[in-house]
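Residue numbers (this note's numbering): 1 to 740. Ideal Cβ positions, reconstructed from N, Cα and C, are used throughout, including at glycine. Note that the structure is predicted; figures quoted are calculated from it, not measured. Below is one structure, written out as structure tokens; comments come after it.
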RNA sequence: GGCGUGGUAGCUCAGUUGGUCAGAGCAUGGGUCUUACAAGCCCCAGGUCGUAGGUUCAAGUCCUACCCGCGCCACCA
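Here it is as structure tokens:
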């Protein structure tokens, strides 16, 4: 053995050893208990980041620990097509070629993204393997595999049959730049200064940031307790506007803050969430004035075709000219919703959407956690889950993007003359009602060049996995990515009738970042219970976010991203894994200093040299194998170290049972370094009965290597490969039996 | 605004039911190449445990208030 542990030499050898012996293959063994983890699939849109490595390290610890304890373990790998995320990355590339998604029909665009993703997938798999992750690659799943799509479609059909799916107009967060809607959770809220305009509005003066939406106003609202305006409530007022005068109802609603502005609000149900809800309460007309292109529509007279900001300026100018503008507050700060990807202003818009009615689904998902049948670690995160479920509203599941699983609905063009269709013909992009389009274009042309389609709320549709015969156009919306990934534990095990599913489901632990507890974990629980009657996992462990050394979230724009590959290269995988794991005990976010990685690289070397010392001392000697039990000939120090070993094993087990990874890792670390290396080795050097002491040492050292193995699999396995073995001992440390 | 979480040595963090709990790693300073390991070993220094009260024989640990950080959610035109 060399004087130093060289991870660059040893790591590839060890990976090869495990691979050759097929160590991570999940085996259905009815005599053993299964222990299953489904890997949260990394996004196929890029490379692994240090957070992925933390996830891999933690899950690998669990898998190796349980495997050595005699469970039949299975860790399922996969990658995620990551719908929107990937499409954005791809569109960035398109832009560099001077193109955009609007240049392609649906099928062509989909194929192009598919090819793009194929390139990334391989890289990620290689990186995961290099981390030592004990994944069973023979059971690999990609979120767009045929069987995944099929299962998602089957569920959708079942939900349709169970009346859990409906279509409705709904005020959505529509981003005209991205051309798609966003869930509330996908919005960012930023504080910004915008002018607040005070304008005359019939008998009132009211304040608004968005004068350009006035064409869509269908009421004026005041607070019911506001004495100033009491006389107007319920009456109609006449308003002098830019398009002439018009009449509006005055409503009283508690959503109006009498302290703000003048205490009077114009109500625009089509373009504001609050107003939309007030509109529902008061039966107001919903009158959209901004189109999906982000421009004012034909209800806006001369302002038609102007973009929002452009129209706002013009409207303000014209109000001034008409003497309707009272004042402008330039210092007004408020919070604006923008899309989380591009940071564009979101335009609340009314669109027909597909919804999941969550009432029946959420109740069991809540109870299962409250009753402790699904346990969430750390416990204090549980509140986040229960509150979210309690407040959960119906779930809009349609996304206006290509990259994803298409909603399997079909519209007959004959029965739905009002379908709004956009398609590509040659280099031309044509939009219109299907009934009109069919006068000048053939169905075949439209179908082939189809880009997107908006079906009215009451459109007739047929659900079908397969393309329908006849003149049907497909729904062009895709599923919210969480709808399909909510099936992840099911599809990776080939639900509903595979042997894997029968044996390994429900899985043991879902280990993931807390930031997707709501997005993902809640949906998996809902689908798991809905489809199988059982939750998809027994425990949920949520790790913290790995922050940069400056304590902030890592981001490319801040330039504080830690590249894990550099650490692996310089200090080795074991050092990176230990560096990440020590400090995650409570699932809190933590900063990740390089120091920790360095110190564990040193520790790997320490272990290596403990082995060297032992082999050196054992040279030319006949050393028996201590059985771990007999007390004959034991000296005080021997008894002490054996006792300490037993305690350490127990503590490590206890800590791991509670998902206290950091604690377990440090216990093993201190035992090896302080108790065994610093203390016992020095003692062995002075022993008269050196052969006997060495046999004790060998025993304790090997048991120590075993408990360290889940944390530092490479160095421990590499050392084991250099040690003499007793009859019946495994050639592979990973296949050894966990000490008791 | 609501909910949650944290403020312990220069840095990153442990400290689980109140009683060797004032700790670890790294960094700093000094010594040491003692043949397993200088990626080692030995030693030194460093904290009134956010602030102020309170409960208790005893409080980083429990209670109250306040200050600061972080996160999630909601959101007023």
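Whose C-alpha, out of 31, 92, 129 and 19, is nearest the C-alpha of residue 57?
129
Please state the DSSP three-state secondary structure of residue 540.
strand
Beta-bridge pairing of residue 334 - partner residues as DSSP gives them:
192
Name the two residues that bound the continuous alpha helix (DSSP H) containing residue 613.
594-618
Helix, strand or coil for residue 207? Go by DSSP, reduced to three states.
strand
Have a look at residue 436 and residue 471 and give me their C-alpha separation to the nearest angstrom.
15 Å
Starting from residue 105, follow the alpha helix (DSSP H) in both directions and report where the run begins and ends.
First-last for residue 105: undefined, no H or E at that position.
On a Cα-Cα basis, can you pick out the residue from 493, 519 and 568 that is closest to residue 148?
493
Compute the Euclidean distance between the alpha carbons of residue 256 and residue 248, then round it to the nearest angstrom.
17 Å
Extent of the continuous alpha helix (DSSP H) to which residue 571 belongs:
564-571
Contact between the stretch 208-227 and the stretch 163-171 (3+ Cβ pairs under 8 Å):
no
Start and end of the beta strand (DSSP E) containing residue 65?
Where residue 65 is concerned, there is no enclosing beta strand (DSSP E), although the alpha helix (DSSP H) it sits in stretches over 50-68.
Give every residue of the same chain whose Cβ lies closer than 8 Å to the Cβ of residue 106, excluding the five residues on either side of it in the sequence, and list them in chain order.
402, 450, 451, 452 and 476
Could you spell out where the alpha helix (DSSP H) holding residue 12 opens and where it closes?
7-20
Label residue 323 either buried or exposed according to how many other C-beta atoms from any shown protein chain fall within 10 Å of its C-beta, with 16 as the threshold for buried.
exposed
So residue 618 and residue 681 are supposed to be a Cβ contact under 8 Å. How far apart are they, rounded?
The pair is not a contact, with the Cβ atoms about 13 Å apart (cut-off 8 Å).
So what's residue 412 in DSSP terms, helix, strand or just coil?
strand
Between 487, 34 and 598, which lies nearest to residue 70 when the distance is taken from Cα to Cα?
34
Can you give me the Cβ contacts of residue 592 inside the same chain, cut-off strictly under 8 Å, excluding the 5 residues immediately before and after it?
50, 546, 547, 548, 549, 562, 579, 580 and 583
Could you tell me whether any non-hydrogen atom of the ligand GDP is closer than 7 Å to the CB of residue 366?
Ligands are entirely absent from the displayed structure, and the ligand GDP is therefore not among its contents.
Apply the 10 Å Cβ neighbour rule to residue 657 and answer buried if 16 or more other Cβ atoms are within range, or exposed otherwise.
exposed
So, using beta-carbon positions, are residue 250 and residue 276 closer together than 8 Å?
no
Does the separation of the CB atoms of residue 39 and residue 83 fall below 8 Å?
no
Return the first residue and the last residue of the beta strand (DSSP E) that residue 635 is part of.
Residue 635 -> no beta strand (DSSP E), and no H or E assigned at all.
Got a sec? Which residues, its chain only, sit under 8 Å from residue 180 by beta carbon, not counting five neighbours each side?
84, 174, 399, 400 and 401
For residue 246, which of 253, 236 and 252 has the nearest alpha-carbon?
236
At which residues does the beta strand (DSSP E) containing residue 510 begin and terminate?
507-513
Going by Cα to Cα distance, which pick from 501, 16 and 512 is closest to residue 534?
501
Hey, quick one: how far does the beta strand (DSSP E) through residue 241 stretch, first residue to last?
236-241
Considering just the uninterrupted stretch of the alpha helix (DSSP H) at residue 320, what are its terminal residues?
308-322
Just reading off the beta strand (DSSP E) that residue 432 is part of, what are its end residues?
428-433
Only counting the same chain, and skipping five residues up and downstream in sequence, which positions put a Cβ closer than 7 Å to that of residue 669?
603
In terms of residue numbering, what span does the beta strand (DSSP E) encompassing residue 347 cover?
347-356
Assuming contact is defined by CB atoms lying nearer than 8 Å, are residue 368 and residue 516 in contact in what I supplied?
no
Boundaries (first-last residue) of the alpha helix (DSSP H) holding residue 92
83-96
Segment contact flag, the stretch 337-354 with the stretch 391-398, C-beta cutoff 8 Å, min 3 pairs:
yes
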